[in-house]
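Participant: Listed in order, the protein sequences are those of chains A and B.
Just so you know, we're using the numbering used here here: the first sequence kicks off at 1 and counts up by one.
Just so you know, we're using the numbering used here here: the second sequence kicks off at 1001 and counts up by one.
For each residue, glycine too, the CB sits at the ideal point set by N, CA and C.
Because the structure is a prediction, the values reported are computed rather than measured.
So that we are looking at the same thing, I have put the structure below in structure tokens.
There are 2 protein chains.
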Amino acid sequence: MKIGIIQQTCSGNIEDNKQKLASNIRTAAQKGAELVVLQELHNSLYFCQTENVDLCSLAEPIPGPSTEFYGSLAKELNVVIVTSLFERRAPGLYHNTAVVMERDGSIAGKYRKMHIPDDPAYYEKFYFTPGDLGFHPIDTSVGRLGVQVCWDQWYPEGARLMALQGAELLIYPTAIGYESSDTPEEQERQREAWTTVQRGHAVANGLPVIAVNRTGHEPDPSGQTNGIQFWGSSFVCGPQGEFLYRAPKNEEIVEIIDVDMKRSENVRRWWPFLRDRRIEEFSPLTRRFIDKEGIEAIDTIETIDAIDAIDTIEDIGGFIFARVWL
Amino acid sequence: MKIGIIQQTCSGNIEDNKQKLASNIRTAAQKGAELVVLQELHNSLYFCQTENVDLCSLAEPIPGPSTEFYGSLAKELNVVIVTSLFERRAPGLYHNTAVVMERDGSIAGKYRKMHIPDDPAYYEKFYFTPGDLGFHPIDTSVGRLGVQVCWDQWYPEGARLMALQGAELLIYPTAIGYESSDTPEEQERQREAWTTVQRGHAVANGLPVIAVNRTGHEPDPSGQTNGIQFWGSSFVCGPQGEFLYRAPKNEEIVEIIDVDMKRSENVRRWWPFLRDRRIEEFSPLTRRFIDKEGIEAIDTIETIDAIDAIDTIEDIGGFIFARVWL
């Protein structure tokens, strides 16, 4: 499958950003892209550098103007497009949401960023409520897409949950860059760590990974920092974590990468990790930390008498199950 | 902390292998190692290339001759040693077990390999029962060690469970090599994938990783294959996945790597992944696969009436809990 990725700089003019994206999406489609992946919050500057209530005006409903805009492009160009939008759900309730547009212009599905970061210059917890749609891949005409967003990319759990639900690709729109006060060596360690952990998801799950990051420098409106130098370096790797393409740090790119969707089948036969997972030992993954306090916090032994009859309880996609080892 | 790693070839003579290891452990200790990590099943050839009941004679009880041997060395040299042994638990019941020897010669703890591979030339499911001790770090005088073994290294879940229990290092004794029939490019992809997924565990958990692999060629006694060329490449990386040392493929090495144990504290402050994990969404990680069959297999909805009072159920370290979202 031919996958187009667009790494670009953004300006404060949203209409300009959208027109540049439209032009780049056209270029990708002309080069044969069947799926186009955009970077995180591509319509605007990365506005989370400061906490400013006025910036909530950037949010828009879904469906709304942007799904209309990118949906029209998807239909015109016959491509699937992974967008990343600032979703207005209700006054004072916003999400960082990836919306996948189908070739017919409709919304194939959406994913609300589950893990929300909060660092100096990345004040996302101020703007975005953590997603409440869970980790679920989105079915499209080009396959089942395991779309997550940026900070999610550091978490093996999300990637695994996508793989367990049959995702065929792991996709991460991203906006990450350097602290100007860090040494070049530290900056390089961070960029490499970001790349490595996502390639690790590819290996652990036998799936290709597509990570699309913005590039360019964006100043801090508050003047407290020197702004963010987004590090670009968007990449596509195969199911062994092998690079199929890696973008430069400081250039805008529109690149088409041909991903062999049959390779995952072979790689997973060679390395059948899913065959051997020790799932009966994994329930403590739902704990914050496995210490005395963590155990006591969920200790409801007094209810044990009531549950002899129960075998399995879990909350999965609207079902409720119980599992008890007695 | 100064960590010694020993990557070596093995012969069919167990006494020779042990004496070579003893000599190398002495060298590491003389160079200042406080912790020495050995490769997987270091006492013998990698005997899992064929399924042969006679080879079960290689197994030994724990405690037993090998814990006596390495315990004496640990005491004499005042070092902690991570060993990897073929454990005889009962006739017809064997494990692939890492045993950590304390500086006083005692057993600090053991870990029974949880994920057991089975590939042509790696017939481990024939020899080893999957571990029944769970994923738990081992406390020692040099820190809390998250020891797992080889095939475990591909699984993010094990690494995360160790981190959640306060492990300060992730440690993997390993025996992995090339299929002679693979192309050089495929061999390189495999070696790189093996390295990347473990560096990914370092990043995801903010912990150093120590992986020690054997080197050298070992023939296939059955003659069915050309044997295994173990790919060496033992490495130590820091909590951002950054290489601190990487061994060559085909040479024996005794190397001392100085690991800054305070760096994890800083890296985790910068990237506080544990702060934001969406644990309420992680219980499906205990599923084999999230498909219709998987759901039906654990669907005991008829018991739901009984459980209104229950908040949380989990089996963790001997406790039983219940968690229900209603």
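1. What is the DSSP secondary structure of residue 173 of chain A, counted as helix, strand or coil?
2. For chain B, check one thing: does any of its Cβ atoms lie closer than 8 Å to the Cβ of residue 283 of chain A?
3. Residue 84 of chain A lies in the beta strand (DSSP E); which residues open and close that run?
4. Do you know offhand how far residue 1281 of chain B's Cα is from residue 286 of chain A's?
5. Does residue 1060 of chain B come out as helix, strand or coil in the three-state DSSP assignment?
6. Counting only Cβ pairs nearer than 9 Å, list the residues of chain B close to residue 274 of chain A.
7. Taking 8 Å as the threshold (beta carbon to beta carbon), is residue 193 of chain A in contact with chain B?
8. Does residue 19 of chain A pass the burial test, meaning 16 or more other C-beta atoms within 10 Å, or should it be called exposed?
9. Residues of chain B with a CB under 7 Å from the CB of residue 99 of chain A: which are they?
10. Can you tell which of B:1221, B:1100 and B:1205 has the C-alpha that lies nearest to the C-alpha of residue 1158 of chain B?
11. Would residue 1177 of chain B and residue 1230 of chain B be called neighbours here (beta carbons separated by less than 8 Å)?
12. Going by C-alpha distance, which of B:1047, B:1077, B:1093 and B:1022 is nearest residue 1066 of chain B?
13. So that I know if they touch, is there some Cβ in chain A lying closer than 8 Å to that of residue 1055 of chain B?
14. CB residue 3 of chain A to CB residue 257 of chain A, shorter than 8 Å?
15. Take residue 1191 of chain B as the anchor and find which of A:185, A:183 and A:200 has the nearest alpha-carbon.
16. Going by DSSP in three states, residue 274 of chain A sits in which element: helix, strand or coil?
17. Three or more C-beta pairs closer than 8 Å, one from the segment 215–233 of chain A and one from the segment 1215–1222 of chain B: is that the case here?
18. Tell me which same chain residues have a C-beta within less than 7 Å of the C-beta of residue 140 of chain A, skipping the five on either side of it?
19. Please classify residue 301 of chain A: is it buried, with 16 or more other beta-carbons within 10 angstroms of its beta-carbon, or exposed?
20. For residue 1303 of chain B, name the three-state secondary structure that DSSP assigns.
21. Can you name the start and end residues of the alpha helix (DSSP H) that residue 1185 of chain B belongs to?
22. Should the segment 1105–1123 of chain B be called in touch with the segment 1144–1163 of chain B, which here means at least 3 C-beta pairs below 8 Å?
23. Could you please give the first and the last residue of the uninterrupted beta strand (DSSP E) stretch that includes residue 162 of chain A?
24. List the endpoints of the continuous beta strand (DSSP E) containing residue 1139 of chain B.
25. Does any C-beta atom of chain B lie closer than 8 Å to the C-beta of residue 114 of chain A?
26. List, in order along the chain, the chain A residues whose C-beta lies closer than 8 Å to that of residue 1161 of chain B?
27. Do you know whose CA, among B:1246, B:1029 and B:1110, lies nearest residue 1134 of chain B's CA?
28. How long is the line joining the alpha carbons of residue 120 of chain A and residue 1271 of chain B, rounded to whole angstroms?
29. Nearest to residue 70 of chain A by CA position, among A:202, A:216 and A:37, is which residue?
30. Can you confirm whether residue 199 of chain A, when its beta carbon is compared against all beta carbons of chain B, has any partner nearer than 8 Å?
31. Cβ of residue 1097 of chain B versus every heavy atom of the ligand COA: is any distance shorter than 7 Å?
32. Is the distance from the Cβ of residue 8 of chain A to the Cβ of residue 234 of chain A below 8 Å?
33. Can you check whether the CB of residue 1130 of chain B is closer than 8 Å to the CB of residue 278 of chain A?
34. What are the residues of the segment 17–38 of chain A that lie near chain B, defined by any Cβ-Cβ distance shorter than 9 Å?
35. Starting from residue 1108 of chain B, follow the beta strand (DSSP E) in both directions and report where the run begins and ends.
Facilitator: Here's the rundown:
1. strand
2. yes
3. 80–90
4. 8 Å
5. strand
6. 1288 and 1289
7. yes
8. exposed
9. Neighbours of residue 99 of chain A on chain B: none; closest Cβ ~20 Å, over 7 Å.
10. B:1205
11. yes
12. B:1022
13. no
14. yes
15. A:200
16. helix
17. no
18. 80, 100, 102 and 108
19. For residue 301 of chain A, the predicted model reports a pLDDT of 37, less than 50, meaning its position is unreliable; a value from the coordinates is still stated below. Burial call: exposed.
20. Legend: pLDDT at residue 1303 of chain B = 39, less than 50; position of this residue unreliable, value from coordinates given subsequently. Residue 1303 of chain B: helix per DSSP, three-state reduction.
21. 1184–1205
22. yes
23. Counting along the chain, residue 162 of chain A falls outside any beta strand (DSSP E), though it belongs to the alpha helix (DSSP H) covering 156–164.
24. 1138–1140
25. yes
26. 281, 282, 284, 285 and 290
27. B:1110
28. 11 Å
29. A:37
30. yes
31. This structure does not include the ligand COA; it has no bound ligands of any sort.
32. no
33. yes
34. none
35. 1107–1112
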